[in-house]
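Enquirer: Structure provided below as structure tokens; questions to follow.
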Amino acid sequence: MASAREEILRRIRAARVPRAAPVVRGYHREGPGGVELFAERVADYRAVVRTVPDVPEALKALAGKRIVAPAGVPREWLVGGVTWLREPLTTEELDRADGVLTGCAVAIADTGTIVLDGGEAQGRRALTLLPDYHVCVVRADQIAGSVPEALQRLEPTRPLTFISGPSATSDIELNRVEGVHGPRTLEVLIVT
Amino acid sequence: MARNPVTWLGSPTFPKAAHTALADTQLRQNLRKATGTIRARRAAAVAEMTDWEMLRVAGEQIKDDVLARLDTLLVQLEESVTARGGVVHWARDAEEANRIVLDLCRAENAREVVKVKSMATAEIGLNEALEAGGVQAVETDLAELIVQLGDDRPSHILVPAIHRNRSEIREIFQRRMGVEVSDEPADLAEAARTYLRRKFLTTKVAISGANFAVADTGSIVVLESEGNGRMCLTLPETLITVMGIEKLVPSWQDLEVFLQLLPRSSTAERMNPYTSVWTGVTPGDGPQKFHLVLIDNGRTATLTDSVGRQALRCIRCSACLNVCPVYERTGGQSYGSVYPGPIGAILTPQLVGDLTDPQAASLPYASSLCGACFEVCPVRIDIPSVLTHLRAEVVEAKGRTAESVAMAAAAWVFRESSRYEKAQKAGSLARFLARDGRITSLPWPGSRWTSSRDVPAPPAESFRAWWRKNRG
Amino acid sequence: MKVALFATCLTDTFFPETARAVVRLLERLGCSVEFPLDQTCCGQMHFNTGYREHSKPLARKYTEVFGGYDHVVVPSGSCAGMVREVHPTLGESPPRTFELAEFLVDVLGVTDVGAWFPHRVTYHPTCHSLRMLGVGDKPLALLRSVKALELVELPGSAQCCGFGGTFAVKNAETSTAMLADKMRCVLDTGAEVLCAGDNSCLMHIGGGLSRLRAGVRPVHLAEILASTEEDPWRATP
């Protein structure tokens, strides 16, 4: 008997689906972009968004908290008065942390999205998932205008997480409620 | 061949199921409220996009290209996933897929697994199969959890518990979680968070579906809102992803279309809160064992139908359910399938593959052909055309019936104007049944009309009679 | 301009006043109207119910009867949609066929047809005119130009009335539930007249309103547009 793989492939070929027309990409590839649009769209998700000239100054508000800092976070972000938690961290330790501070790989102005790719200042995916508060620093030059522009800047084989606001659900009467399993507070600091 | 579990065993035909659903005023109220809300929100989310129609066209074309090159692309996906440390499995039908997943769970000694909402696993009845094999599947999506804890069936693709309102959800949570909770949505969400937290932190095996799989990179994409998906895709040691063979896109760039179409069409957001993309296994980040199970389960049979195959473009957004006037009245469970609504009416009978099955054969008729579904479909599936196409197949499968005899007679009359005119004259005698210009009661099958509507009395003179007299 | 009228089997048989109104209206606008007596039915009921093979000879017949005309006008969005969208899939090349409002606005280029209709009217855009043909606001533009007519917006107007051809019989209860909501919206407007461009939908909603003895009259768009001060619309008994 043929393997499932061989049989499925045989059935597909037997269906003789005709060649499709070439894809017409008539949609917009680029968005207007900009810090203002990005900030407005992030705020629409009921995330906290602040445009700050100076990251360390803005992070002083974290004093007294236990905050996860992934590898590659710039030294000057690690302000005094905060208990910075560094890897290796167990799942339990992450679960008990007050929050996590990261940078990002790319942001998208059109949709108010930040994208993490596990690179510098982002760490593995669990770091930004278990703590209930996530503060993400976005540099103005990291903001792509549109979804197509953002995808072009990303390396697809890295583990990617697109984040648009705090965790939410539309499962009760199809209306959006913020705060389920992921961080219930998302704060985005835009550095200009 | 085993029956396809996409439909629930023993489900009545659509009109019979609708009869029960229509009598449930609470259900009607819940659905009216929820679909009304999402319709308005979706319209606003789409109106913002000046290039929406171009995105729809591109979405349609990319998916058509996938269907045309499905064999090549699947082999390419298999190669890319394997190269990145994943293991690919193929399953011809539900039974084979369930066996593969159960064996994988057993190999990890898992007694309990966490699950991300997945239509593919619902379609194959995976939870039931795992339970029979001694493995408990815990649904972690809020709506799936409501359905699971309520021993209920899903009624919507995106929000399986759409038929439940907040106070019903509160009652289910209190009964099954043993907690006191208010009916505020935020409190209900909090209750789910607390209930599932330990499971996320300790469970070793997770099962997910996939919204998209990128053939050239081997990347798998899951869109979600709550973070339960991220939990399942990140924390366990082993991840098993079950997906239909049609969920492919050829390249990474193609996602730029679907990441715009899907969130606005489904939850009416510019972007859903979380989208996860992973490719095979990443050392030091996430599950270190990854299995991808590709299922056919009626898809290749659907692919052979030149009209019906467009149903395989579906990206499971549920926009068609939300705008459907029939769905709004009857709810999803009336369709007797994990795929309800307009898309279910065309996809379910094709996956079942047997139009002599009265339940499956009733689904293409569960539509007034109003076309609202086609209008909103992000990949331009012409659902009304597929419905009439499948109706023709149902008629053929049924052979000679009272209806087919009547239809043949009517067609015979219409083929010649002389016969038509004679019938018209004979029919006009019905005006003697009328009082005050209306007929309130006709014998069967006309009684199905006159049960709720009058029929106008035929006039003494047809238009053609008037024309002949005055203009002829 | 020479125009052929395809009355549709339903209007020819049950609603002759609509077809007479089309003739009066088009002649008033300077058209010469012909009614080929060999016409019967577009085959929509057969096609939509799954009797595709039976619909083929009817589509054929339509092409034969109307093939010689440059413009065919149909007082039904649904039948016009059948001809334009479906007949080609049955192997026909039908002549240029227009729903009435489309013909008036797009071909004749008029929105004010000189009508007079002193009633409170609400308009239901039928599904096929809206979504198959894309008639859009044309009927509303025509109604807004009618003298003495008070137009009131119908809430939820784009939602189907539940007719759907044989759907109304095969899924009678669901159809009735849709109808009930549509009637509630119509009654909420306080209109005396419910207008639409399709007698099939009007027969459905009108049949429901008649059962309720609601007193709202279903009137085809053609009859409103044909009505003038000199020769006003009169309710058929």
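Chains as they are written, first to last, in this note's numbering: chain D, 10 to 201; chain P, 12 to 483; chain B, 304 to 540.
Using N, Cα and C, we set each Cβ at its ideal position, and we do this for glycine too.
Just so we're clear, the structure is a prediction, and the values are computed from it rather than from any experiment.
Whose CA, out of Gly145(P), Leu366(P), Ala140(P) and Thr311(P), lies closest to the CA of Leu78(P)?
Expert: Locating residue 78(P) in the second sequence gives position 67, where the first residue counts as 1. Taking only the C-alpha atoms, the option nearest Leu78(P) is Thr311(P).
Enquirer: Are the CB atoms of Lys210(P) and Val124(P) nearer to each other than 7 Å?
Expert: Here residue 210(P) refers to the residue found at position 199 when the second sequence is read from its first residue. Here residue 124(P) refers to the residue found at position 113 when the second sequence is read from its first residue. Taking 7 Å as the Cβ cut-off, Lys210(P) and Val124(P) do not qualify as a contacting pair.
Enquirer: If we cut at 7 Å on Cβ distances, does Ile199(D) have a partner in chain P?
Expert: As a first step, residue 199(D) is located in the first sequence; it is residue number 190 there, counting from the start. Not closer than 7 Å to any Cβ of chain P, the Cβ of Ile199(D) fails to qualify, so no.
Enquirer: Applying a beta-carbon distance threshold of less than 9 Å, which residues of chain B neighbour Ala279(P)?
Expert: Locating residue 279(P) in the second sequence gives position 268, where the first residue counts as 1. Residues of chain B passing the Cβ test: none, with the nearest at roughly 18 Å.
Enquirer: Per DSSP, Pro521(B) forms a beta bridge with which residues?
Expert: Within the third sequence, residue 521(B) is the residue found at index 218, counting from 1. Paired residue(s): Leu497(B).
Enquirer: For a test of the three-state rule: what should DSSP assign to Tyr372(B), helix, strand or coil?
Expert: Reading the third sequence from its first residue, position 69 is the one you call residue 372(B). DSSP places Tyr372(B) in coil when its eight states are reduced to three.
Enquirer: Under three-state DSSP, which class holds Phe474(P)?
Expert: Numbered from its first residue, the second sequence carries residue 474(P) at position 463. DSSP places Phe474(P) in helix when its eight states are reduced to three.
Enquirer: Pair every Cβ in the region 380–392 of chain B with every Cβ in the region 428–448 of chain B, then say whether three or more of these pairs are closer than 8 Å.
Expert: The region 380–392 of chain B is in contact with the region 428–448 of chain B.
Enquirer: Ignore the nearest five residues each way along the sequence and tell me which others in Leu366(P)'s own chain have a CB closer than 7 Å to its CB.
Expert: Along the second sequence, one-based indexing puts residue 366(P) at 355. Hits under 7 Å: Pro360, Ala372, Glu404, Val405 and Ala408.
Enquirer: Since Met242(P) meets chain D, which of its residues come closer than 7 Å, beta carbon to beta carbon?
Expert: As a first step, residue 242(P) must be located in the second sequence, where it is residue number 231. What Met242(P) touches in chain D: Leu138 and His190.
Enquirer: Considering only C-alpha positions, which residue in the set Ser262(P), His30(P), Ala13(P) and Tyr285(P) is nearest to Arg340(P)?
Expert: Position 329 of the second sequence, counted from the start, is the residue given in the question as residue 340(P). The candidate whose alpha carbon is nearest that of Arg340(P) is His30(P).
Enquirer: Mind checking Phe443(P): buried by the 16 CB within 10 Å criterion, or exposed?
Expert: For the purposes of this step, residue 443(P) is taken as the residue at position 432 of the second sequence. Exposed.
Enquirer: Determine the chain P residues that contact Gly42(D) at a beta-carbon separation under 9 Å, and present them in chain order.
Expert: Walking along the first sequence from the start, residue 42(D) turns up at place 33. Correct list: empty, because the minimum Cβ distance to chain P is about 14 Å.
Enquirer: What is the DSSP secondary structure of Trp455(P), reduced to helix, strand or coil?
Expert: The sequence position of residue 455(P) within the second sequence is 444, counting from 1. Coil at Trp455(P), not helix or strand.
Enquirer: Please determine, among Pro319(B), Phe466(B) and Phe369(B), the residue with the shortest C-alpha to C-alpha distance to Ser478(B).
Expert: On the third sequence, residue 478(B) is found 175 positions in, with the first residue counted as 1. Ranking the options by Cα distance to Ser478(B), first place goes to Phe466(B).
Enquirer: Check each residue of the region 323–351 of chain P: if its Cβ is closer than 7 Å to any Cβ of chain B, include it; give the result in chain order.
Expert: Going along the region 323–351 of chain P in chain order, one finds Pro336, Val337, Arg340 and Thr341 with a Cβ nearer than 7 Å to chain B.
Enquirer: In the DSSP output, which residue or residues are listed as bridge partners for Cys331(P)?
Expert: Counted from its first residue, the second sequence places residue 331(P) at position 320. In the DSSP output, where bridge partners are listed per residue, Cys331(P) has none listed.
Enquirer: Against Ala135(D), what residues of chain P qualify as contacts under a CB-to-CB distance less than 7 Å, listed in chain order?
Expert: By 1-based counting over the first sequence, the position of residue 135(D) is 126. Thr245 and Leu246, listed in chain order.
Enquirer: Would you please state the rounded distance, in angstroms, between the beta carbons of Arg275(P) and Val57(P)? I believe it to be under 8 Å.
Expert: As a working note, residue 275(P) is residue 264 in the second sequence. As a working note, residue 57(P) is residue 46 in the second sequence. With 8 Å as the limit, Arg275(P) and Val57(P) qualify as a contact, their Cβ atoms being about 6 Å apart.
Enquirer: Residues of chain B with CB under 8 Å from Phe25(P), in chain order?
Expert: On the second sequence, position 14 is the one that residue 25(P) refers to. Neighbours of Phe25(P) on chain B, chain order: Asn474.
Enquirer: Hey, Thr228(P) and Pro165(D) are a contact pair by Cβ (cut 8 Å); roughly how many whole angstroms apart?
Expert: Within the second sequence, residue 228(P) is the residue found at index 217, counting from 1. Within the first sequence, residue 165(D) is the residue found at index 156, counting from 1. About 5 Å; that satisfies the 8 Å criterion.
Enquirer: Mind pulling the alpha helix (DSSP H) runs of 4 or more residues that sit fully within the region 67–119 of chain D?
Expert: Here the runs fully enclosed are 100–105.
Enquirer: Can you give, in chain order, each stretch of the beta strand (DSSP E) that sits fully within the region 390–459 of chain B and has at least 3 residues?
Expert: The region 390–459 of chain B contains these whole beta strand (DSSP E) runs: 400–402, 423–426 and 453–455.
Enquirer: For a test of the three-state rule: what should DSSP assign to Leu259(P), helix, strand or coil?
Expert: Position 248 of the second sequence, counted from the first residue, corresponds to residue 259(P). Strand, per DSSP.
Enquirer: Would DSSP call Asp312(B) helix, strand or coil?
Expert: Residue numbering aside, residue 312(B) sits at position 9 when the third sequence is read from its first letter. The residue you asked about is not Asp; residue 312(B) is Cys in the sequence shown. Note: Cys312(B) maps to helix in three-state DSSP.
Enquirer: Is the beta carbon of Leu328(B) closer than 7 Å to that of Val336(B)?
Expert: As a working mapping, residue 336(B) is identified with position 33 in the third sequence. As a working mapping, residue 328(B) is identified with position 25 in the third sequence. It is not a contact, given that the beta carbons lie outside the stated cut-off.
Enquirer: For the region 145–157 of chain P, which residues have a CB atom closer than 8 Å to at least one CB atom of chain D, in sequence order?
Expert: Those would be Thr151, Asp152, Leu153, Ala154 and Ile157, in chain order.
Enquirer: Kindly indicate if chain P contains any beta-carbon less than 7 Å away from that of Ala24(D).
Expert: Position 15 of the first sequence holds residue 24(D). Output row for Ala24(D): interface = yes.
Enquirer: In the region 347–365 of chain B, which residues sit with their C-beta less than 7 Å from some C-beta in chain P, listed in chain order?
Expert: Those would be His349, Phe350, Asn351, Thr352, Gly353, Tyr354, Arg355, His357, Pro360, Leu361 and Lys364, in chain order.
Enquirer: For Gln370(P) and Asp53(D), I'd like the C-alpha separation in whole angstroms.
Expert: For the purposes of this step, residue 370(P) is taken as residue 359 along the second sequence, with counting starting at 1. For the purposes of this step, residue 53(D) is taken as residue 44 along the first sequence, with counting starting at 1. Looking at the two C-alpha atoms, the distance is approximately 45 Å.
Enquirer: Would you mind telling me which residues of chain P sit closer than 8 Å to His507(B), beta carbon to beta carbon, in chain order?
Expert: Position 204 of the third sequence, counted from the start, is the residue given in the question as residue 507(B). Those within 8 Å of His507(B) in chain P are Arg464.
Enquirer: Within this structure, are the beta carbons of Ala56(D) and Pro175(D) separated by less than 7 Å?
Expert: Taking the first residue of the first sequence as position 1, residue 56(D) is located at position 47. Taking the first residue of the first sequence as position 1, residue 175(D) is located at position 166. Yes, these two residues count as a Cβ contact at 7 Å.
Enquirer: Should Arg324(P) and Ile392(P) be called a contact, given that it needs their Cβ atoms to be closer than 7 Å?
Expert: Counting from 1 along the second sequence, the entry for residue 324(P) is found at position 313. Counting from 1 along the second sequence, the entry for residue 392(P) is found at position 381. The answer is yes: Cβ separation under 7 Å.
Enquirer: Flag this pair as touching only if the region 341–354 of chain B and the region 433–449 of chain P have three or more C-beta atom pairs under 8 Å; answer yes or no.
Expert: No: fewer than three Cβ pairs fall under 8 Å.
Enquirer: Would you mind sorting Glu89(P) into buried or exposed? The rule is 16 or more other CB atoms within 10 Å of its CB.
Expert: The residue given as residue 89(P) occupies position 78 in the second sequence. Its Cβ being crowded by 16 or more others within 10 Å, Glu89(P) is buried.
Enquirer: State the CB to CB distance for the pair Thr321(B) and Ala525(B), rounded to an integer number of angstroms; the pair is presumed to be in contact (CB under 8 Å).
Expert: The residue given as residue 321(B) occupies position 18 in the third sequence. The residue given as residue 525(B) occupies position 222 in the third sequence. Thr321(B) to Ala525(B), Cβ: 5 Å. Contact.
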